[in-house]
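Count along the sequence shown starting at 1, add 3, and that's the number in our numbering. We put the CB at the ideal spot given by N, CA and C, even for glycine. Everything on this sheet refers to the single structure shown next.
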Amino acid sequence: MTPDRALDNIRISVRTKVEKGIKIGDQIAPSEHAYDFARIAYYQKISATGFATSKIALHKKAEARKFQEYIESFRQYIYENLQQNIKKPHADIISALLIGKKDGIDQKTMDAIRDSGIAHLFAISGLHLSFVAGLFFVVFRNLFAISETLTLKYNTKKISAFLTILPTTFYLLITGMQISAQRAYIMVILVLVAIMIERKYRGLIAIAFAASVILSVEPEAILKPGFQMSFSAVLALVASYQINANKLFKIKIMKYFVSIMISSVIASLATVPYTIYNFNYFSISGIITNLVAIPIVTLIIIPLGIIYVLLIPLGIEWIIAPFIERPIDSILYITNAIASLQYLVIPIRTFPASSIIIITFGLLWLCLWERNWRFLGFFFIVLGICFSAAYKTPDILINADNVAVKESDNLLYSLTRKNRNFVVKTWAKQNGQNQILNHKKYNNSDKRLKCNDYGCIYNKGNNKLVLLAYKKEDISENCDKVDLTIQLSEFDYSACNAKIIKHADLETYGTHSVWLTNRYVKINTVRSNRPWHMLKN
4 MTPDRALDNI RISVRTKVEK GIKIGDQIAP SEHAYDFARI AYYQKISATG FATSKIALHK
64 KAEARKFQEY IESFRQYIYE NLQQNIKKPH ADIISALLIG KKDGIDQKTM DAIRDSGIAH
124 LFAISGLHLS FVAGLFFVVF RNLFAISETL TLKYNTKKIS AFLTILPTTF YLLITGMQIS
184 AQRAYIMVIL VLVAIMIERK YRGLIAIAFA ASVILSVEPE AILKPGFQMS FSAVLALVAS
244 YQINANKLFK IKIMKYFVSI MISSVIASLA TVPYTIYNFN YFSISGIITN LVAIPIVTLI
304 IIPLGIIYVL LIPLGIEWII APFIERPIDS ILYITNAIAS LQYLVIPIRT FPASSIIIIT
364 FGLLWLCLWE RNWRFLGFFF IVLGICFSAA YKTPDILINA DNVAVKESDN LLYSLTRKNR
424 NFVVKTWAKQ NGQNQILNHK KYNNSDKRLK CNDYGCIYNK GNNKLVLLAY KKEDISENCD
484 KVDLTIQLSE FDYSACNAKI IKHADLETYG THSVWLTNRY VKINTVRSNR PWHMLKN
């Protein structure tokens, strides 16, 4: 199966309830600026996804295993060992922190982690890779220090740096090789190489090299939230290293916590545009939570987790389990307490890619220059924010199963009862809402959408009218009165001069976004003629 060849037929076994009206051949798609699962699957060479509902039986024993299969087997072994010796949900938390396996974390806990602003700790990154590399580097140096002959005859610092590459690489492999982990790994290896060749380490050069390597192997990574947020955070942190807590406080413990607070603020500000662009929310609790969570994770949980893994071959790893569970309890308590507070997670409507490009240019300008003209980057950042603020979300969102219209209060209201599925939830998030409301509950006198026996007419008040047609009589009655007709069901109709979105178009191209202005009617679709959106060759 080649990556550019789509499957003609897919059989999917469903163990959950199926919404009424879904038939064979139906497709689902969110909206224009939503995360494009089809594109990601295309580049990962995934032709279809599914799940099993019956017991898995062995069909044929593999004659030989690939290297990555051995690595994944070891990763699964660690995961199962954690599940056996540590109670839930603690085992799932430590699995996510150590090896990047988040499958076992329930949705409620994951939402609390996200809302409290510490989700970045669960992405394997520099925090994890640098700890592993630092641990083994110190171990190797101290082992060499035992022998006076080796210490005097060889440069044990360089040898230790070289030997540290192996366990660091192995750790990268068992973490699942997330983009943030790849970035951190390359930067850590460059530190070790700098030690071996006695050259000064330059953070900005390391970031540029890491980005170049990742994009050379996986160019589409630049479109992934992980790449955008990981590199923006580390770039901002490296560029702002001059803000040093040592100059402000003399007490070591104060320096540590102030450094965490400063780093948290800088990293949060750098990643805010990408968080909003990709996930349509902003958490203002991150600074407070990170101030408590980062020391617990970095000083207690991760070191104990690494020790736990190292003790597995000896069979005494269970000794460490109680010591891991208690700090995880504190993390869970903090995240649930913070997440339960109101108004700390703010939903924010979507904005176009052009805005994030301008903001990214401003961030690069601000971080890469070293002279005073670097502050010109703030101009581009503000300009990108202004562009995003000026952006108008669609007036009408529609696909083959759902219709949502924006009323005078700028909120989306659904015309159907399917208000809780993935598509409609995505529409709500992109309009800055927690959920889409039912249009029947909108009883204000300034109602834009009005329905009668001949369909529904949407009137924004700018001389542009849209007809939502359920039957052919709706079109024949209103064809010459509207600027756009949307056919909501399959039927034959007489010729009409007005622009029309056919029901077949909704099924083929997914969600249609409609904007109404004084001058024109603009229509965008989710699916295109890109390879990942094409159903057939």
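| Item | Value |
| --- | --- |
| Can you find the residues in the same chain that come closer than 7 Å, C-beta to C-beta, to P350, ignoring five residues on each side of it along the sequence? | N283, Y284, K432, G435, Q436, N437 |
| Rounded to whole angstroms, what's the CA-CA distance from L415 to L440? Just pull it up for me. | 7 Å |
| Are the Cβ atoms of N462 and N521 separated by less than 8 Å? | no |
| Comparing C-alpha positions only, which one of S128, I489, A214, A296 sits nearest to N402? | I489 |
| May I ask you to verify whether the stretch 343-361 touches the stretch 325-334, counting CB pairs closer than 8 Å and requiring at least 3? | no |
| Please state whether the Cβ-Cβ distance between T171 and V191 is less than 8 Å. | yes |
| Closer than 7 Å by C-beta to F125: which residues in its own chain qualify, once you throw out the five before and the five after it? Chain order, please. | A99, L100, K105, I116 |
| Applying the criterion that 16 or more other CB atoms from any shown protein chain within 10 Å of the CB defines a buried residue, is L452 buried or exposed? | buried |
| Would you say the stretch 368-382 touches the stretch 296-316, given that touching needs at least three Cβ pairs under 8 Å? | no |
| Does F364 come out as helix, strand or coil in the three-state DSSP assignment? | helix |
| In the stretch 374-458, which residue ranges form an unbroken alpha helix (DSSP H) of at least 4 residues, counting only runs that do not cross its ends? | 380-393, 425-433 |
| By Cβ distance, which residues of its chain are closer than 6 Å to A94, with the 5 residues on each side in sequence left out? | L85, Q86 |
| Would A211 pass as a contact of L218 if the rule is Cβ separation under 8 Å? | no |
| Given a cut-off of 8 Å on the beta-carbon distance, is the pair G289 and V241 in contact? | no |
| Where does Q181 sit, in a helix, a strand or coil, going by DSSP? | coil |
| Here's the rule I'm using: 16 or more other beta-carbon atoms within 10 Å means buried, otherwise exposed. How should P316 be labelled? | exposed |
| Residues bridged to Q490 by DSSP? | A472 |
| Any contact between the stretch 138-151 and the stretch 159-169? By contact I mean 3 or more CB pairs, one from each, below 8 Å. | yes |
| Across which residues does DSSP place H3 in a beta bridge pair? | The requested residue 3 is not part of the displayed model; the chain covers only 4 to 540. |
| If I measure Cβ to Cβ from M264 and keep anything under 7 Å in the same chain, skipping five residues before and after, which residues do I get? | I290, L294 |
| Note down, in chain order, each residue of its chain lying with its Cβ closer than 8 Å to the Cβ of I198, except the 5 sequence neighbours on either side. | K160, K161, A164 |
| Where in the stretch 324-372 do unbroken runs of the beta strand (DSSP E), each at least 3 residues long, occur, reported from the N-terminal end onward? | 348-350 |
| Work out the CA separation of I310 and M180 for me, nearest whole Å. | 21 Å |
| In three-state DSSP terms, what is I504? | strand |
| Under 8 Å, do L138 and A184 count as touching if we go by C-beta distance? | no |
| Below 7 Å, is the gap between the Cβ of F494 and the nearest heavy atom of the ligand FMN? | Absent from the structure shown: the ligand FMN. Ligands present: none. |
| Need the endpoints of the alpha helix (DSSP H) that S215 sits in, please. | 206-220 |
| List the endpoints of the continuous beta strand (DSSP E) containing Y284. | 284-286 |
| Using 10 angstroms around the beta-carbon of D483, count the other beta-carbons present and answer buried if the total reaches 16, otherwise exposed. | exposed |
| Does L400 pass the burial test, meaning 16 or more other C-beta atoms within 10 Å, or should it be called exposed? | buried |
| Give a yes or no on whether the C-beta atoms belonging to D449 and S417 are separated by under 8 Å. | no |
| May I have the straight-line CA-CA distance separating F147 from T167, to the nearest angstrom? | 13 Å |
| Take G308 and list the residues in its own chain whose beta-carbon comes closer than 8 Å to its own, dropping the five residues that flank it on each side. | I97, L100, L101, I327 |
| Please list the segments of the alpha helix (DSSP H) lying wholly inside the stretch 114-200, counting only runs of 4 or more residues, in order along the chain. | 129-148, 151-156, 159-177, 182-200 |
| If you drop the 5 nearest sequence neighbours on each side, which residues of the same chain put their C-beta closer than 6 Å to that of D486? | K467, L468, V524 |
| Quickly, what does DSSP pair N462 with across the bridge? List them, please. | L468 |
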